[in-house]
Amino acid sequence: MLPKEKFELTASTLFGLENVLAEELKELGAEVIETQNRAVKFLADNELLYKTNIQLRTALRILKPIARFKARDQYALYKNIKRIRWEDFLNLHQTFLIKPVVFSPHFRHSKFAAQKTKDAIVDRFRERFNKRPSVALENPNIVFNLHIAGENVTVSLDSSGAPLNQRGYRKSGGDAPLNEVLAAGMIKLSGWDAKTSFIDPMCGSGTLLIEAGLMAQNIPPNINRKEFLFMNWQDFDRKLWKEIISEAKSNILSAEQLKVKIIGSDINLQQLEITQKNVQKAGLTKLIKLRNKSFSEFVVPASKGKIVFNPPYGQRLRLKQIEEFYSEIGNILKNKWTGFDAWVLSCNEFANKSFGLKPAKKIKLLNGQLECRFLNFPLFEGTRKDFLGNKNNNK
Ligand SMILES: C[S@@+](CC[C@H](N)C(=O)[O-])C[C@H]1O[C@@H](n2cnc3c(N)ncnc32)[C@H](O)[C@@H]1O
Numbered sequence: 307m308l309p310k311e312k313f314e315l316t317a318s319t320l321f322g323l324e325n326v327l328a329e330e331l332k333e334l335g336a337e338v339i340e341t342q343n344r345a346v347k348f349l350a351d352n353e354l355l356y357k358t359n360i361q362l363r364t365a366l367r368i369l370k371p372i373a374r375f376k377a378r379d380q381y382a383l384y385k386n387i388k389r390i391r392w393e394d395f396l397n398l399h400q401t402f403l404i405k406p407v408v409f410s411p412h413f414r415h416s417k418f419a420a421q422k423t424k425d426a427i428v429d430r431f432r433e434r435f436n437k438r439p440s441v442a443l444e445n446p447n448i449v450f451n452l453h454i455a456g457e458n459v460t461v462s463l464d465s466s467g468a469p470l471n472q473r474g475y476r477k478s479g480g481d482a483p484l485n486e487v488l489a490a491g492m493i494k495l496s497g498w499d500a501k502t503s504f505i506d507p508m509c510g511s512g513t514l515l516i517e518a519g520l521m522a523q524n525i526p527p528n529i530n531r532k533e534f535l536f537m538n539w540q541d542f543d544r545k546l547w548k549e550i551i552s553e554a555k556s557n558i559l560s561a562e563q564l565k566v567k568i569i570g571s572d573i574n575l576q577q578l579e580i581t582q583k584n585v586q587k588a589g590l591t592k593l594i595k596l597r598n599k600s601f602s603e604f605v606v607p608a609s610k611g612k613i614v615f616n617p618p619y620g621q622r623l624r625l626k627q628i629e630e631f632y633s634e635i636g637n638i639l640k641n642k643w644t645g646f647d648a649w650v651l652s653c654n655e656f657a658n659k660s661f662g663l664k665p666a667k668k669i670k671l672l673n674g675q676l677e678c679r680f681l682n683f684p685l686f687e688g689t690r691k692d693f694l695g696n697k698n699n700n701k
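Quick note, the sequence shown lines up with residues 307 to 701 if you use the working numbering.
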């Protein structure tokens, strides 16, 4: 049998999750070439391309580079773009769109670079076929990503379409819902193994709970998505795709098979009604239990596990209130959650000091544009020294 054709792919992600994504790729059998800023390069064949699109929890999209060259001005860009065999990727009946990402002193306006690229593609088609494919701003069949960093130009095919964090379960948001990819990354960074309890006591729209539930039941986050752009490619293998979907479905675990508890709570009842709908939409009602309690009233439901959450970070609260609130959170964690491993995404640098607990780990993450710290507080009994001593003895 001939070896399957391998090609390079790039999976993009959020700042701080690059290593988590590289691990996920390795688990899927990918050969990782390089971890970059907000992206991971890897080798794949079509099978892995399809799998990564449905399975990866911390990827935003998967790109397939088709050309790389250097250009310092619009003429070089046009000439090099026109040389690409566009007819291999696009036919006259398909619509297309160029999505530019430009960081370059040579190209100050990304729209202009995209326009030049479109002109070159259209001119190549006209010269060869006397006809040209059309551009579509909405629902194009084929999307080309134009990446220009300095003088380095990379043209890629976008295999995903809508970003992969749009899993389809969150019809309604809430008070600053987390990006699904960020939530999945936080759970992976916390080291949760889906064997102990997982608690989010300020669950908002339920993103952390739902991502944890999907992981526990081994449900690929995009298993229900009907449209990926690779389905419009000339080499799309529908038979292989169907096999991948049915194999992934056969590996899903039922809630009854799991011993784990996933519990969320929020002080806001209206919010919880929305959360319940999201949980339902994700098909996780049997696994995820919701409560309407404030953090101080919430009864600790197990002797150990992970407690992972992002408290309100104070756009609406004044600094003084925030400090008091975060100090209360610290006290509750210390006094009630012994045995748990707490992870808090804190997006308020002043408040971070108010917890009154020394974090064992501090990981920088971006929540939208907001720079945050993902803080780990292992809530052990006795002193920190005892805990570290025990940990070392157990090695
Ligand atoms: C930043 S949001 C959490 C967003 C959530 N992770 C998501 O993805 O949708 C903070 C949540 O904490 C809740 N909250 C605020 N104070 C609380 C308290 N004392 N106890 C429990 N929940 C609280 C708010 O109602 C809000 O839904």
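Just so it is clear, CB atoms sit at the ideal spot from N, CA and C, and this is done for glycine as well.
Simplified DSSP state of residue i, which is helix, strand or coil
i    : result
V566 : coil
G512 : coil
F693 : Below a pLDDT of 50, predicted positions are generally treated as unreliable, and F693, at 49, falls in that range; the measurement from the model is reported next regardless. DSSP places F693 in helix when its eight states are reduced to three.
N699 : Only weak support is given to the placement of N699: the predicted model assigns it a pLDDT of 49, under 50, and the question is left unresolved by the model.
S496 : helix
R374 : strand
V428 : helix
T341 : strand
T319 : coil
T460 : strand
S552 : helix
A648 : strand
D506 : strand
A608 : coil
R414 : coil
Residue i CB to nearest heavy atom of ligand 1 below 7 Å
i    : result
T722 : This structure cannot settle anything about residue 722, because the visible part of the chain is limited to 307 through 701.
D572 : yes
A482 : yes
N471 : no
A489 : yes
C509 : yes
Q576 : no
F601 : yes
P618 : yes
C-beta atoms of residue i and residue j nearer than 8 Å
i    : j    : result
L685 : F661 : no
S560 : L596 : no
T364 : K494 : yes
Q361 : P526 : yes
L672 : G322 : yes
I638 : A657 : no
F680 : W649 : yes
N584 : I516 : yes
L514 : F615 : yes
V552 : I573 : Here residue 552 is Ser; the residue named in the question, Val, does not match the sequence. No, the pair does not count as a contact, with Cβ atoms beyond the cut-off.
V461 : L452 : yes
E562 : G467 : no
N641 : P665 : no
Across the segment 489-499 and the segment 429-436, are there enough close Cβ pairs to call them in contact, namely three or more that are closer than 8 Å? no
So does the segment 396-411 actually touch the segment 446-460, counting three or more Cβ pairs closer than 8 Å? yes
Using 8 Å as the Cβ pair cut-off and three pairs as the minimum, do the segment 583-599 and the segment 560-569 touch? yes
For the segment 600-619 against the segment 530-544, do three or more pairs of beta-carbon atoms, one drawn from each stretch, fall closer than 8 Å, so that the two count as touching? no
Under 8 Å, with one C-beta from each stretch per pair, do the segment 335-343 and the segment 375-382 reach the 3-pair mark? no
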